[in-house]
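Number of protein chains: 4
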Amino acid sequence: MKVSVIGATGYGGIELIRLLQHHPHMHVVSVHSSSQAGVSLHDVYPHIEERFVLRDIRSDDIEGELVFLATPPGVSSEWTPKLLAAGHKVIDLSGDFRLRDGNVYAKWYKKTPPSEEMFKQAVYGLTEWNREHIAKANIVANPGCYPTATLLGLAPLVIQKWVVSDSIIVDAKSGVSGAGRGVSLGVHFAETNENVKIYKVNTHQHIPEIEQMLGDWNDQIGPITFSTHLIPMTRGIMATIYAEAACIVSVDRIIELYEETYKHCPFVRVREAGSFPCTKDVYGSNYCDIGIAYDERTNRITVVSVIDNLMKGAAGQAVQNANVMFGFDEQTGLTAMPMYP
Amino acid sequence: MKVSVIGATGYGGIELIRLLQHHPHMHVVSVHSSSQAGVSLHDVYPHIEERFVLRDIRSDDIEGELVFLATPPGVSSEWTPKLLAAGHKVIDLSGDFRLRDGNVYAKWYKKTPPSEEMFKQAVYGLTEWNREHIAKANIVANPGCYPTATLLGLAPLVIQKWVVSDSIIVDAKSGVSGAGRGVSLGVHFAETNENVKIYKVNTHQHIPEIEQMLGDWNDQIGPITFSTHLIPMTRGIMATIYAEAACIVSVDRIIELYEETYKHCPFVRVREAGSFPCTKDVYGSNYCDIGIAYDERTNRITVVSVIDNLMKGAAGQAVQNANVMFGFDEQTGLTAMPMYP
Amino acid sequence: MKVSVIGATGYGGIELIRLLQHHPHMHVVSVHSSSQAGVSLHDVYPHIEERFVLRDIRSDDIEGELVFLATPPGVSSEWTPKLLAAGHKVIDLSGDFRLRDGNVYAKWYKKTPPSEEMFKQAVYGLTEWNREHIAKANIVANPGCYPTATLLGLAPLVIQKWVVSDSIIVDAKSGVSGAGRGVSLGVHFAETNENVKIYKVNTHQHIPEIEQMLGDWNDQIGPITFSTHLIPMTRGIMATIYAEAACIVSVDRIIELYEETYKHCPFVRVREAGSFPCTKDVYGSNYCDIGIAYDERTNRITVVSVIDNLMKGAAGQAVQNANVMFGFDEQTGLTAMPMYP
Amino acid sequence: MKVSVIGATGYGGIELIRLLQHHPHMHVVSVHSSSQAGVSLHDVYPHIEERFVLRDIRSDDIEGELVFLATPPGVSSEWTPKLLAAGHKVIDLSGDFRLRDGNVYAKWYKKTPPSEEMFKQAVYGLTEWNREHIAKANIVANPGCYPTATLLGLAPLVIQKWVVSDSIIVDAKSGVSGAGRGVSLGVHFAETNENVKIYKVNTHQHIPEIEQMLGDWNDQIGPITFSTHLIPMTRGIMATIYAEAACIVSVDRIIELYEETYKHCPFVRVREAGSFPCTKDVYGSNYCDIGIAYDERTNRITVVSVIDNLMKGAAGQAVQNANVMFGFDEQTGLTAMPMYP
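Read top to bottom, the protein sequences are chains W, H, L and R. The first sequence begins at 97 in my numbering and counts up one residue at a time. The second sequence begins at 97 in my numbering and counts up one residue at a time. The third sequence begins at 97 in my numbering and counts up one residue at a time. The fourth sequence begins at 97 in my numbering and counts up one residue at a time.
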């Protein structure tokens with residue numbers, strides 16, 4: 097089947113093209129960029145051999161049953177209605193369709209929300225937890241990188257109500273590619289190297305996305321504390337998650353719960369007791385690796401969840417969702433091992 | 097005055113030598129290393145011009161009123177009694193004298209503790225909070241790098257009882273130099289670069305050190321959750337500290353408290369509301385920079401505390417303590433600005 | 097077909113396993129390690145799912161038509177005769193069989209050379225230049241990482257005698273993974289990060305390997321100057337090659353020569369005039385990208401040749417050679433695009 | 097004495113302010129920035145305590161006997177005449193006054209050159225080689241970072257005519273801070289990390305600067321090949337210099353020459369035979385460390401010269417020149433040891 101990528105020159109876009117190059121069923125037929133239309137993709141990324149010429153975003157020029165939108169906030173809310181009208185299905189990697197409430201979107205994104213009707217059609221694409229709806233969806237809102245790591249790390253505990261409902265704190269660390277390819281002092285090498293920075297303290301737009309899903313799973317869950325740190329590496333996210341145990345637990349019992357929960361999820365791997373994943377363990381792959389600790393002294397559970405932010409946190413999960421939407425095996429085109437070191 | 101450095105070839109030792117090179121009152125007269133005795137320090141560190149020859153650790157060969165011990169755990173518990181008997185004062189950068197309870201030491205360090213008498217003499221060298229005792233001490237137990245960042249970040253809130261006593265979670269991130277100069281797979285560049293690792297989950301030996309001091313300040317404080325992460329940089333620690341507010345607070349009110357508390361502490365700098373320090377802001381300096389947020393949604397306070405682990409977290413604070421012990425201005429030799437970028 | 101990997105726990109070995117996971121014709125049946133026999137590979141590398149147990153190196157326990165040796169110097173010279181006798185073909189990623197002269201080997205490697213008979217059987221596996229012999233070989237000596245980048249960058253000029261025979265200088269820069277997984281101060285993160293080091297000045301064991309091949313192409317080529325630098329990254333080699341033009345040339349003419357030379361070499365990509373590759377352009381792929389400049393002021397040609405040292409510089413080229421040896425398309429299993437960023 | 101810094105918000109400017117903070121004789125009285133006038137320097141660089149407000153560049157507002165210009169190309173050619181007329185002395189860290197020939201400047205900088213009269217007044221500030229003229233100068237053209245490392249590395253050989261006059265090749269590697277604080281894709285962390293890039297091949301504006309000085313020392317020296325590479329670190333330059341020996345030499349004899357040449361140069365340190373400096377050996381210091389090899393096989397000399405590009409390559413050498421201009425000891429304010437690690 098034919099697919100298109102809009103926003104092909106960003107890091108999410110180029111990762112999609114890398115993944116789809118070897119996909120047995122999906123074939124990229126057109127790539128689009130509003131800022132660089134007319135330019136060869138090879139001129140933007142000389143490491144790419146294929147001689148795509150970037151096209152402008154015009155609906156009559158977009159081909160394929162499926163369109164991936166890897167665009168900045170605000171773009172897909174404009175384009176998705178047109179694409180749907182023209183008969184395409186859409187997977188949106190931006191945050192435009194992840195929240196269901198326009199007011200919440202407006203508050204955290206500081207942008208005009210999509211229409212309520214669009215929101216209703218959009219299905220949240222945390223694949224492991226939404227396969228049935230994704231399979232029937234016309235719009236999939238691909239989750240944010242931080243929410244993916246956090247939600248996969250928290251789901252079993254929240255659903256089982258094993259954690260105190262207002263005790264969740266997530267301390268997340270991300271590589272710099274998560275900030276995208278746009279230039280700014282914040283991504284300047286000399287400012288970022290040999291440095292850790294906390295940013296958007298208590299104001300990150302992924303907070304409502306995480307809380308919405310947690311609330312769907314367990315309506316008693318209160319607001320969470322969620323902090324994001326930029327660390328000097330290119331790829332990778334680690335979410336270190338803290339929560340108070342709400343019942344008698346042990347690390348073995350929790351790990352058993354996670355293994356049971358994710359037994360049919362080939363991309364979620366749970367570590368045995370005492371072992372914790374590092375981001376390099378998932379580098380370049382679609383895995384989410386999870387490690388768990390329980391401390392009797394404090395009665396707190398610590399969950400460590402790692403992903404590659406451009407894979408399971410963006411393009412990888414988008415392809416996983418595309419597989420589900422079109423009836424292919426979920427792992428198709430995504431089974432590459434992590435690259436180490 | 098004359099001073100000696102034992103353990104001169106480690107990162108703490110070499111940083112002491114760098115700092116003392118320009119100290120107007122202290123002069124390094126001998127440097128010691130059990131593993132490399134007889135070798136010129138210049139051969140170990142070609143960037144050093146001074147032509148010290150490393151001496152073995154033999155008490156009759158150690159000169160100076162003051163001896164800095166920058167040695168691995170277990171060494172200073174053996175050597176300190178001999179040094180005291182020979183009339184030296186001691187600043188110990190290792191963890192041997194930081195805990196007051198031999199059983200706690202044995203549990204977390206898995207080593208034989210120093211004698212109770214030695215413990216009694218040792219003064220905990222968190223300079224800002226212990227100047228009077230340090231001034232009279234014969235043994236100063238220089239704090240660990242993580243405890244320094246954490247305790248300076250928590251002190252005002254804990255002392256004032258503005259936080260719920262069992263709600264403290266510390267998520268700490270450190271550069272690799274904190275692991276010392278010893279070789280292991282854990283510090284191999286190819287394993288550490290482009291990677292974040294959590295380590296010693298709930299078992300780090302700095303946990304009892306932090307809890308002991310918190311308990312001194314406020315005996316209701318319960319056990320804390322404290323996690324340590326290795327990130328791909330050489331120097332720097334960030335402690336992101338979370339706690340539930342125990343009373344009605346605002347970010348302005350908390351910042352006011354911190355500014356008041358630290359107004360006579362030249363090395364502690366408090367940020368204005370909305371501004372948070374990164375580790376580069378203190379690179380190569382003795383500062384501890386602190387930023388504060390309060391989130392009404394969760395009623396949680398977030399404190400961000402950064403230090404250079406080899407400076408305020410080790411050698412810098414050791415010199416600061418030496419200044420206090422010998423009646424010099426606390427800042428002597430320590431006023432270099434951070435190096436940026 | 098079945099293959100085995102000896103030395104599976106090193107970086108070359110683990111990269112082979114990553115590549116062969118998706119090879120349509122080759123299947124890894126046993127992995128071996130003298131130092132960690134009996135241990136599960138998953139315990140050494142938790143990112144690997146497959147549950148191989150590392151076996152000792154015992155000839156009666158090694159399966160498969162083909163054995164990859166990814167071992168330190170000196171191991172394959174001992175094991176290869178046994179493996180050949182047992183009917184295996186061998187691709188050796190170490191330097192043991194690359195030189196044809198035992199005295200040269202002994203001088204540069206400071207080890208006892210393999211027997212002359214073994215040397216005679218070994219075929220140098222610079223795939224692009226030796227396909228016919230590789231196709232018939234029982235032992236392929238897989239080229240070193242530096243020689244691969246250097247020789248592919250120099251071949252057309254040397255063969256055509258377009259450069260002055262004693263004018264070649266190669267300034268090479270490598271990521272730290274090239275040093276292998278063994279621990280030492282030289283690969284300690286804190287010593288390597290924020291640092292460039294030159295090493296083995298004029299004594300690198302890859303010098304005779306490069307000169308031997310250059311001499312085969314053009315017997316007038318004199319000794320070369322070849323310098324190696326360690327830079328703070330994990331993967332990648334750049335060889336910046338300088339040589340004096342021996343005839344009237346232009347950058348366009350040289351590029352034409354390279355394109356003509358490599359037109360049937362899918363893994364060698366030549367840049368257009370004015371464009372130069374960086375190591376990230378080949379990250380995780382089997383490509384060797386080449387850029388060329390000619391400076392009229394100095395009459396010197398500059399060739400910039402980049403590879404991923406663990407791919408085209410080790411495991412990737414080994415698989416490429418295996419494909420040639422067993423009659424598969426040269427690109428089989430090696431067509432993944434570079435990972436960017 | 098009072099000094100001003102124009103261009104205070106760039107990396108050269110902020111390093112000047114760091115160095116001058118502890119200078120016993122020079123005191124920064126005003127800091128200027130055309131782009132951020134009116135802003136507090138603390139708001140631009142929160143790590144700085146001093147509460148300078150950035151002033152615009154207006155000649156009647158600039159104080160002090162000496163003005164440091166740490167501005168982009170083209171600014172100081174405009175401002176220096178005004179500053180001289182107002183009675184200031186000037187040290188220019190940009191490239192505007194380094195070349196003596198306006199046509200050469202125009203060709204390599206693609207900008208209108210300063211007037212010939214201005215060129216005549218400007219003294220090239222490679223301190224070790226021009227102390228007498230610097231002492232009397234009104235304008236010092238502070239050398240570029242690459243020329244400093246290269247020229248100090250080449251001077252003895254070129255002056256003594258120990259190298260073949262047209263055989264010099266310089267392969268230089270630089271950290272990213274050398275590109276300045278301006279934002280661009282070229283300094284984006286995700287594009288620069290895990291990457292080596294060659295840039296400005298045969299066209300770097302430092303080429304004529306190096307050749308001019310070499311020509312002053314030895315008028316037979318021909319054009320040089322000079323390549324620049326960006327490597328993933330913040331600070332540091334290594335110049336690896338290759339040249340053919342023009343007479344019978346040995347490594348010991350060459351080292352002796354260097355030691356003799358630089359015996360009164362406290363910032364140039366020559367390594368003993370077999371030892372080579374890395375950039376970390378000079379990190380944060382004003383040293384230039386030099387190592388030397390001679391290869392009998394090729395009759396080539398290799399010189400390895402390292403500096404901190406922001407120190408000896410910019411602000412450090414500027415302060416060194418200021419010391420010479422105003423009669424202070426050359427080392428004043430510059431004796432800090434390198435920071436390691």
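Where a beta carbon is used, it is the ideal one built from N, C-alpha and C, also for glycine.
For residue i, the three-state DSSP class (helix, strand or coil)
i, result
"residue 411(R)", "helix"
"residue 462(W)", "In this structure chain W extends from 97 to 437, so residue 462(W) is not present and cannot be described."
"residue 118(R)", "coil"
"residue 431(R)", "coil"
"residue 249(H)", "helix"
"residue 254(H)", "helix"
"residue 145(W)", "coil"
"residue 195(W)", "coil"
"residue 310(L)", "helix"
"residue 164(W)", "strand"
"residue 127(W)", "strand"
Pick from the options that is closest to residue i, judged by C-alpha positions
i, options, result
"residue 170(R)", "190(R), 132(R), 260(R)", "190(R)"
"residue 202(H)", "184(H), 173(H), 161(H), 222(H)", "173(H)"
"residue 217(W)", "232(W), 208(W), 225(W), 204(W)", "232(W)"
"residue 256(L)", "407(L), 395(L), 137(L), 357(L)", "357(L)"
"residue 180(W)", "195(W), 197(W), 156(W), 196(W)", "156(W)"
"residue 294(W)", "139(W), 272(W), 362(W), 408(W)", "272(W)"
"residue 436(L)", "406(W), 361(W), 130(W)", "406(W)"
"residue 330(L)", "288(H), 299(H), 319(H), 329(H)", "288(H)"
"residue 397(W)", "344(W), 365(W), 362(W)", "344(W)"
"residue 247(R)", "230(R), 265(R), 160(R)", "265(R)"
"residue 416(L)", "366(L), 379(L), 361(L)", "361(L)"
"residue 381(L)", "367(L), 135(L), 349(L), 432(L)", "432(L)"
Within 8 Å, strictly: CB atoms of residue i and residue j
i, j, result
"residue 418(L)", "residue 250(L)", "no"
"residue 108(H)", "residue 166(H)", "yes"
"residue 122(H)", "residue 99(H)", "yes"
"residue 363(R)", "residue 283(W)", "no"
DSSP bridge partner residues for residue i (one or two, in chain order)
i, result
"residue 270(H)", "326(H), 333(H)"
"residue 235(L)", "186(L), 218(L)"
"residue 154(R)", "Answer by DSSP bridge pairing: none, since residue 154(R) is not bridged."
"residue 295(W)", "324(W)"
"residue 52(R)", "The shown model of chain R, from 97 to 437, leaves out residue 52(R), and the question about it has no answer."
"residue 401(H)", "335(H), 386(H)"
"residue 363(R)", "Partner(s): none; residue 363(R) has no beta bridge."
Heavy atom of the ligand MN within 7 Å of residue i beta-carbon
i, result
"residue 160(W)", "This structure lacks the ligand MN, and indeed carries no ligand of any kind."
Check whether the region 329-341 of chain R and the region 367-377 of chain R touch, using three or more Cβ-Cβ pairs below 8 Å as the test.
yes
Could you tell me whether the region 416-430 of chain W touches the region 137-152 of chain H, where touching means 3 or more Cβ pairs closer than 8 Å?
no
Contact set between the region 286-302 of chain R and chain B, restricted to residues whose Cβ is under 9 Å from the partner
Absent from the structure: chain B. Protein chains present are W, H, L and R.
Under 8 Å: do the region 298-307 of chain H and the region 352-363 of chain H share three or more Cβ pairs, one atom per stretch?
no
Would you call the region 209-228 of chain H and the region 262-282 of chain H in contact, with 3 or more CB pairs under 8 Å?
no
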